[in-house]
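Novice: Starting off with a structure, shown below.
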Amino acid sequence: MATLHFNDALRMAARSLRDETLPESPKIRLIRDVYGRLRYALDCSLADYPQDELLKLQAAQGALGAYATSTEVLSHDSFSDPKAVFGSSDWHRTLVDLGVDEDGEHVGVTEVQLLDRQITGQDWLRPPAENEVPHPHRLVFFGLKGGVGRSTALCMTAWGLAQRGKRVLLIDFDLESPGLSGLLLPASKLADFGVVDWLLEDAVGQGDSVMQHMVAASPLADTTVGAIRVVSAVGRDEQEYLAKLSRAYADVPGANGPQRMGVRMRRLVEQLEAQEKPDVVLIDSRAGLHDLAAVSITGLADTALLFATDGAQSWNGYRQLFAHWQHRPDVAQHVRERLVMVRALTPKTDREASVRAFQRSAYELFSETLYDELPVDAADNEELFHPGEKDESAPHFPILVNWDEQFQEFNPLLRPEEGGATPAQIEAAFGLLIERLSNRLEGETA
Amino acid sequence: MSSQSKLIRLGIQEAASKLDQTQVSATQPPSFTYVPPTHARALDPEATLIEGMRGAGKSFWWSLLVSPDHRDFVRTNYPEAQLPSGLVVGQGFGTGFANENYPDPETLSKLVQLFKPRIIWRAVIAVHAKFDGGFAELTDWAQRVKWIDSNPEKFSVALAAADQRFQSTGSTLLVLFDALDRLADDWQHIRPLAKGLLQVALEVRSTKNIRCKVYVRPDMLRDEEITSFPDFVKLEAGKAVLTWRRADLYSLLFQCLGNASAGGKQFRVLAEALSSKSKESATSPWKVPLALRTNEQLQETLFEKLAGKAMGASTKRGKPYTWLVNHLQDSMDQVSPRSFFAALKAAAVETPEEEVLPLHYRGIQVGVQQASQIRVKEIIEDYPWVKWVMEPLHGNLTVPCSVRDIEKVWKDEKTLSLLETKLARQGDAVKLPPQNLDFGALGILGDLESLGMLEQIDGKRIQMPDVYRVAFGFGRRGGVKPLK
Amino acid sequence: MTTVLYEQAARRHLADAETLLNQGRLANAGQLYGFAAECGLKAMLIACGVSPDADGGLPKHHPANSRRTHPFYKHMPILKDNVATHGQLIPDGLLSSRYMASMPNLAHFRGWSTEHRYWADASLPFNLVPNWQSAAKEVATMLDQAKQDGNL
Chain E
3 MATLHFNDAL RMAARSLRDE TLPESPKIRL IRDVYGRLRY ALDCSLADYP
53 QDELLKLQAA QGALGAYATS TEVLSHDSFS DPKAVFGSSD WHRTLVDLGV
103 DEDGEHVGVT EVQLLDRQIT GQDWLRPPAE NEVPHPHRLV FFGLKGGVGR
153 STALCMTAWG LAQRGKRVLL IDFDLESPGL SGLLLPASKL ADFGVVDWLL
203 EDAVGQGDSV MQHMVAASPL ADTTVGAIRV VSAVGRDEQE YLAKLSRAYA
253 DVPGANGPQR MGVRMRRLVE QLEAQEKPDV VLIDSRAGLH DLAAVSITGL
303 ADTALLFATD GAQSWNGYRQ LFAHWQHRPD VAQHVRERLV MVRALTPKTD
353 REASVRAFQR SAYELFSETL YDELPVDAAD NEELFHPGEK DESAPHFPIL
403 VNWDEQFQEF NPLLRPEEGG ATPAQIEAAF GLLIERLSNR LEGETA
Chain L
7 MSSQSKLIRL GIQEAASKLD QTQVSATQPP SFTYVPPTHA RALDPEATLI
57 EGMRGAGKSF WWSLLVSPDH RDFVRTNYPE AQLPSGLVVG QGFGTGFANE
107 NYPDPETLSK LVQLFKPRII WRAVIAVHAK FDGGFAELTD WAQRVKWIDS
157 NPEKFSVALA AADQRFQSTG STLLVLFDAL DRLADDWQHI RPLAKGLLQV
207 ALEVRSTKNI RCKVYVRPDM LRDEEITSFP DFVKLEAGKA VLTWRRADLY
257 SLLFQCLGNA SAGGKQFRVL AEALSSKSKE SATSPWKVPL ALRTNEQLQE
307 TLFEKLAGKA MGASTKRGKP YTWLVNHLQD SMDQVSPRSF FAALKAAAVE
357 TPEEEVLPLH YRGIQVGVQQ ASQIRVKEII EDYPWVKWVM EPLHGNLTVP
407 CSVRDIEKVW KDEKTLSLLE TKLARQGDAV KLPPQNLDFG ALGILGDLES
457 LGMLEQIDGK RIQMPDVYRV AFGFGRRGGV KPLK
Chain Z
13 MTTVLYEQAA RRHLADAETL LNQGRLANAG QLYGFAAECG LKAMLIACGV
63 SPDADGGLPK HHPANSRRTH PFYKHMPILK DNVATHGQLI PDGLLSSRYM
113 ASMPNLAHFR GWSTEHRYWA DASLPFNLVP NWQSAAKEVA TMLDQAKQDG
163 NL
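As you go down the protein sequences, you meet chains E, L and Z in turn. My numbering puts the first sequence at residues 3 to 448. My numbering puts the second sequence at residues 7 to 490. My numbering puts the third sequence at residues 13 to 164.
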């Protein structure tokens, strides 16, 4: 028998569920453990489930070979608190592509309740609660990799918003590539502590002690009506960064169970908001495909700016991220309206064709993963979300950030006379971005 | 507030009804005229070839230019059009009642059996140029064309003389041609006539004060058999296109609303609040302030006062200013004013009386649907074959789809061979068959593309704009499938 | 199946402790809460890589010095302290710290002892039983999580 691999396991497990002799209720669920192995899970006790069908399930589970956690089909009997396990909000309606059969015919797509245990937890795939406390708009800046000018864009956005009189709070969550402070604060002006310090102190219950020493004022806002308050990843005169970093992601005991990193990040943001009372919060997210980045988009962002360049690497990377959400339709529906595509390094030459091609690629990516399919006979169903290709307010419609050589190794703190950028140059490269974001913020209060 | 909205709502309906007429007539006041920048260029007598989709305004201009009053209005209010005075305008072909100025299609079909098309058109020019002498005595088209045919040298001389006459009086003769799809009953016969006309239009440019202006649809200009003559490139180089950009559509709307009897006053107040200087407000009829004609941000702000800020609970569902136009655009990004106004009229009708704003977003959605149905009806009117090839695809596909998917349906339903049979059987009554039926499915798709109904992406897939997609029964492919 | 199966034992002790508590039998309920916690922690340790003996139980002797008892061969509350101080004996320290983080109230067992099984009713700290109950439940929740993770 051929070896079953990760991709095949879920498919095979889901296929067995199509057996029509299996009882309607309880619907059989699947749990995928941290190693990617699967088990069926019954929301009842074994005694309440028909024996024959149970044997079938056990056989199906056994057929998964190395990708079955064990021979045990889980049920209420497997847990001390089955209600908590089966009622957890970590279960997601998940779509599984059943692949092709021996004749090459596509079998179809089925839906299954899947609990996907991941190391960093997934409390974040949960949309925020209905009665969530109002907070200032949180703008997350995300990119698949560095070097596309995301940090510079973030800086310039902060400046542009400050120009418009906003009080801006910047938080650097890109702990692996801390960069924000370098752009916004001279070394001497860094705050005593950074995000990584808070994470450590919070783990031992002392987070509050560093809160007020984490925020510094950026001189970039000196000439504006607003303010730019910066929370760096690293504090001033840091010598032990790597030692701290390796401990920063640990789960922390909490009254209601361990606090995963994502929850802690949100808590930090909320506390900073309470302390600083900003009009808008800009967050530099961890780059790359990592569940922490994915969670800060789904769980933290009111708007998530996705930086991309026009290349296969970019499109393939985003396709992976989007497909992850696509398979969990509840999550897809929540996250898609918060995304905005940003084209970094837009070339000046051959511009029209290039812009058109990028727009089209962006539309195709979104429509193939996150937008609703509009059935043939649907009258304009208000529930369905599928903006037109040319719709400028659509998530896929890219905001263009122009490539400009002078921003490559850029020091925003320099005055124009010293070689820094003039407001006109900033406007030329980042004007569209600042404008669009400003409008988006206004649109909220309207 | 809501009474103001009611009035403006009525104003929208009034504007739409007025604009429904293709041709300028006594009931359409000049105040409802708006000249977009590209149209202004198209008025220049030197622009011989004018391209415009259905509804873009070809027939509108073909009628308007004949009326001296309307010409004056344009000259005064749109100086940038640089419409010269001293124009003598005649119509060389078009719709409307048969008249002595040009041969009707029936006459043409007889003439073309005896004479070359170029000769026929020269005769038409000769009539408008008022050739004197023996020619002037002829009353019958057959005789006139025969004269031209038999007297090539005399034609050149008479033309030069006519040119002189116009020059001496400081006037320019402008002969207008429209509705070329009516030249004959099928492509086979239209093509030579159209080609001949373009050739003559080019010939006439050798004079100083005699010019032709030919209004053509884009699909006709894509037909190689019509355009394959030497020096066509000269015509094409000077071609003007009647485009309606988004800003132009809204300018037209504002122009009409500001002059409507219902709600006009209220609307003018709203408009003038946004533009700084309002010295133009004193003019009669009222003219849209320049800022509102060119600044899309301002236009959007003004339109927000009519339709609100969002196409739903939040702006994430789209904003009316852009949504409306996006959903009416064909695959070449063109929207005809007729569609635009049809949508707005339906939206005004659909919006409930008590609604705070003149237009509710749901009304706009319905409006777009209705406009798209009208659009489809128009296309099918012009090209019945479209219906026959699109019908089998209804309800079966989502776009983007592959060319192969469509080919398969057509093959299974034997669509193309049925089409050929129908065309053969119906003969004259069929109007225009697809130009490229001979090239099979790909040919038909190419024809549909040149009509703006779909777009071929990387040669393998088909995308369809919403304005046609819904009416023809295609879904839109998406990553999140509906719950079963 | 091995003779010793800490997970099953932990759940059994907890279930019976609950039954006894509902019947007002605080003394033995209290004992069983402590054993439930002990077995739960030991199940976790094995899941985190501590090699069990042939019978499935934790080793009796310190790996470095066979004369010394293994620090994990203990009851509550010492077991909990030893897990914290002898982290180096746990192969997958990261995993164990994750699970330990989900049990913040193990310190409640400070007043618990196996000796209580010999004591008079009057000497027993009945007031601590509710805390032992909630801490034991924390352990059970941890076991449920570890099970879902595929580590148990």
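Backbone N, C-alpha and C define an ideal beta-carbon position, used for all residues, glycine too.
1) If contacts are defined as beta-carbon pairs under 8 Å, then E/Leu-302 and E/Val-198 qualify, I think. What distance do you get, rounded to the angstrom?
2) Write down the C-beta distance between E/Ile-401 and E/Val-344 rounded to the nearest angstrom, noting that I regard them as a contact closer than 8 Å.
3) Using the Cα positions of L/Trp-394 and L/Val-341, report the straight-line distance between them to the nearest angstrom.
4) Comparing C-alpha positions only, which one of L/His-45, L/Asp-187 and L/Gly-452 sits nearest to L/Glu-387?
5) Just how far apart, CA to CA, sit E/Tyr-365 and L/Gly-401?
6) When burial is assigned at 16 or more other CB atoms within 10 Å of the CB, is Z/Trp-131 buried or exposed?
7) Report the rounded CA-to-CA distance for E/Phe-324 versus E/Asp-374, giving the unit in angstroms.
8) Quick check on E/Gly-106 - is its C-beta less than 9 Å from some C-beta in chain Z?
9) Does the Cβ-Cβ distance between L/Ala-132 and L/Ala-164 come in under 9 Å?
10) Can you give me the start and stop residues for the alpha helix (DSSP H) that L/Met-459 sits inside?
11) At least one CB of chain Z closer than 9 Å to the CB of E/Pro-260: is that the case?
12) Could you have a look at E/Asp-54 and say whether DSSP puts it in helix, strand or coil?
13) Report all residues from its chain with a CB closer than 7 Å to the CB of E/Glu-22; omit the five preceding and five following residues, and keep chain order.
14) Based on the DSSP secondary-structure assignment, which residues constitute the bridge partners of E/His-7?
15) Using three-state DSSP, classify L/Trp-193 as helix, strand or coil.
16) Ignoring anything shorter than 3 residues or poking outside the region 87 to 158 of chain E, list the beta strand (DSSP E) runs there in chain order.
17) Assuming contact is defined by CB atoms lying nearer than 9 Å, are E/Ala-431 and E/Val-403 in contact in what I supplied?
18) What are the residues of the region 106 to 120 of chain Z that lie near chain E, defined by any Cβ-Cβ distance shorter than 7 Å?
19) Count the other CB atoms within 10 Å of the CB of L/Arg-252; is the residue buried (16 or more) or exposed (fewer)?
20) Run through the region 122 to 160 of chain L for me and flag every whole alpha helix (DSSP H) of 4 or more residues, listed as ranges in chain order.
21) Does the count of Cβ pairs from the region 34 to 45 of chain Z and the region 130 to 146 of chain Z closer than 8 Å reach three?
22) Could you please give me the residues that DSSP links to E/Asp-300 through a beta bridge?
23) Scan the region 474 to 488 of chain L for residues whose Cβ lies nearer than 9 Å to a Cβ of chain E and list them as they occur along the chain.
24) Return the chain-ordered list of same chain residues with a C-beta closer than 8 Å to the C-beta of L/Glu-159, the five sequence neighbours on each side being excluded.
25) Taking only three categories from DSSP, how would you classify L/Glu-86?
26) Under 9 Å, Cβ to Cβ, is there at least one residue of chain L near E/Thr-447?
27) Touching or not, the region 298 to 305 of chain L and the region 68 to 79 of chain L, by the rule of three or more beta carbon pairs under 8 Å?
28) Using a Cβ-Cβ cut-off of less than 8 Å, list which residues of the region 60 to 82 of chain Z approach chain E; keep chain order.
29) For E/Asp-465, does the three-state DSSP call read helix, strand or coil?
30) Taking 9 Å as the threshold (C-beta atoms), are E/Leu-32 and E/Ala-49 in contact?
31) Name the chain Z residues that come within less than 9 Å of E/Tyr-69, Cβ to Cβ?
32) Is it buried or exposed for L/Gln-205, if we count other Cβ within 10 angstroms and need 16 for buried?
33) Once the 5 residues before and after E/Pro-138 are set aside, which same chain residues still bring their CB inside 7 Å of it?
34) For the beta strand (DSSP E) that E/Arg-231 lies in, which residues bound it at each end?
35) Does L/His-333 pass the burial test, meaning 16 or more other C-beta atoms within 10 Å, or should it be called exposed?
36) Buried or exposed, going by whether 16 or more other CB atoms sit within 10 Å of the CB of E/Ala-4?
Specialist: Reading it off the structure:
1) The sequence position of residue 302 of chain E within the first sequence is 300, counting from 1. The sequence position of residue 198 of chain E within the first sequence is 196, counting from 1. Not a contact, Cβ separation roughly 18 Å.
2) Looking up residue 401 of chain E in the first sequence gives position 399. Looking up residue 344 of chain E in the first sequence gives position 342. Under the criterion of beta carbons closer than 8 Å, E/Ile-401 and E/Val-344 qualify as touching, at roughly 5 Å.
3) On the second sequence, residue 394 of chain L is found 388 positions in, with the first residue counted as 1. On the second sequence, residue 341 of chain L is found 335 positions in, with the first residue counted as 1. Their backbone Cα atoms lie some 24 Å apart in a straight line.
4) Indexing the second sequence from 1 puts residue 387 of chain L at position 381. The residue from L/His-45, L/Asp-187 and L/Gly-452 with its alpha-carbon nearest to that of L/Glu-387 is L/Asp-187.
5) Walking along the first sequence from the start, residue 365 of chain E turns up at place 363. Walking along the second sequence from the start, residue 401 of chain L turns up at place 395. When only Cα atoms are considered, E/Tyr-365 and L/Gly-401 end up about 23 Å apart.
6) If you number the third sequence from 1, residue 131 of chain Z lands on position 119. Exposed, because fewer than 16 other Cβ atoms sit within 10 Å of the Cβ of Z/Trp-131.
7) Reading the first sequence from its first residue, position 322 is the one you call residue 324 of chain E. Reading the first sequence from its first residue, position 372 is the one you call residue 374 of chain E. One C-alpha to the other measures close to 13 Å.
8) In the first sequence, the residue the question calls residue 106 of chain E occupies position 104. Not one chain Z Cβ lies under 9 Å of E/Gly-106.
9) Within the second sequence, numbered from 1, the residue matching residue 132 of chain L stands at position 126. Within the second sequence, numbered from 1, the residue matching residue 164 of chain L stands at position 158. Their beta carbons are under 9 Å apart, which means L/Ala-132 touches L/Ala-164 by this criterion.
10) Looking up residue 459 of chain L in the second sequence gives position 453. No alpha helix (DSSP H) holds L/Met-459; DSSP gives it neither H nor E.
11) Here residue 260 of chain E refers to the residue found at position 258 when the first sequence is read from its first residue. At a cut-off of 9 Å between beta carbons, E/Pro-260 contacts chain Z.
12) Position 52 of the first sequence holds residue 54 of chain E. In this structure, E/Asp-54 counts as helix in the three-state DSSP scheme.
13) Sequence index remark: in the first sequence, residue 22 of chain E carries index 20 (1-based). Excluding sequence neighbours, E/Glu-22 sits near nothing in its chain.
14) In the first sequence, the residue the question calls residue 7 of chain E occupies position 5. Answer is none; E/His-7 lacks a bridge partner.
15) Walking along the second sequence from the start, residue 193 of chain L turns up at place 187. Looking at L/Trp-193 - three-state DSSP - the assignment turns out to be helix.
16) Fully contained in the region 87 to 158 of chain E are the following beta strand (DSSP E) runs of length 3 or more, in chain order: 93 to 99, 111 to 118 and 139 to 145.
17) Sequence index remark: in the first sequence, residue 431 of chain E carries index 429 (1-based). Sequence index remark: in the first sequence, residue 403 of chain E carries index 401 (1-based). Cβ atoms of E/Ala-431 and E/Val-403: closer than 9 Å.
18) Shown in chain order are the members of the region 106 to 120 of chain Z whose Cβ falls below 7 Å from a Cβ of chain E: Ser-109, Arg-110, Ala-113, Ser-114 and Pro-116.
19) Along the second sequence, one-based indexing puts residue 252 of chain L at 246. The residue in question, L/Arg-252, is buried, as its Cβ has 16 or more Cβ neighbours within 10 Å.
20) Listed in chain order, they are 123 to 134, 140 to 143 and 147 to 156.
21) In this structure the region 34 to 45 of chain Z touches the region 130 to 146 of chain Z; the number of beta carbon pairs closer than 8 Å is three or more.
22) For the purposes of this step, residue 300 of chain E is taken as the residue at position 298 of the first sequence. Looking at the sequence itself, residue 300 of chain E is Thr, so the reference to Asp does not match. Partner residues in a beta bridge of E/Thr-300, as assigned by DSSP, do not exist.
23) Within the region 474 to 488 of chain L, the residues whose Cβ lies closer than 9 Å to some Cβ of chain E are Arg-475, Val-476, Gly-479, Phe-480, Gly-481, Arg-482, Arg-483, Gly-484, Gly-485, Val-486, Lys-487 and Pro-488, listed in chain order.
24) Within the second sequence, the letter at position 153 stands for residue 159 of chain L. Taken in chain order, the list of residues that qualify is empty.
25) Sequence index remark: in the second sequence, residue 86 of chain L carries index 80 (1-based). Reduced to three states, the DSSP call for L/Glu-86 is helix.
26) Along the first sequence, one-based indexing puts residue 447 of chain E at 445. No answer about E/Thr-447 holds up, because its pLDDT of 48 lies below 50 and its placement is not dependable.
27) Short answer: they don't touch.
28) Flagged: no residues at all.
29) This structure gives no information on residue 465 of chain E, because the portion of chain E shown stretches from 3 to 448.
30) Looking up residue 49 of chain E in the first sequence gives position 47. Looking up residue 32 of chain E in the first sequence gives position 30. Contact check for E/Ala-49 against E/Leu-32 fails: the beta carbons are separated by 9 Å or more.
31) Translated into the one-based positions of the first sequence, residue 69 of chain E becomes position 67. The premise fails here: E/Tyr-69 is roughly 11 Å from chain Z at the closest Cβ pair, so nothing lies under 9 Å.
32) Position 199 of the second sequence, counted from the first residue, corresponds to residue 205 of chain L. Buried is the call here.
33) The sequence position of residue 138 of chain E within the first sequence is 136, counting from 1. Closer than 7 Å at the Cβ level, and outside the excluded window around E/Pro-138, lie Glu-275, Pro-280, Asp-281, Val-282 and Val-283.
34) The count along the first sequence starts at 1 and reaches residue 231 of chain E at position 229. Per DSSP, the continuous beta strand (DSSP E) segment holding E/Arg-231 begins and ends at 229 to 233.
35) For the purposes of this step, residue 333 of chain L is taken as the residue at position 327 of the second sequence. Its Cβ being crowded by 16 or more others within 10 Å, L/His-333 is buried.
36) Your numbering for residue 4 of chain E matches position 2 in the first sequence. Counting Cβ neighbours within 10 Å, E/Ala-4 comes out exposed, since fewer than 16 surround it.
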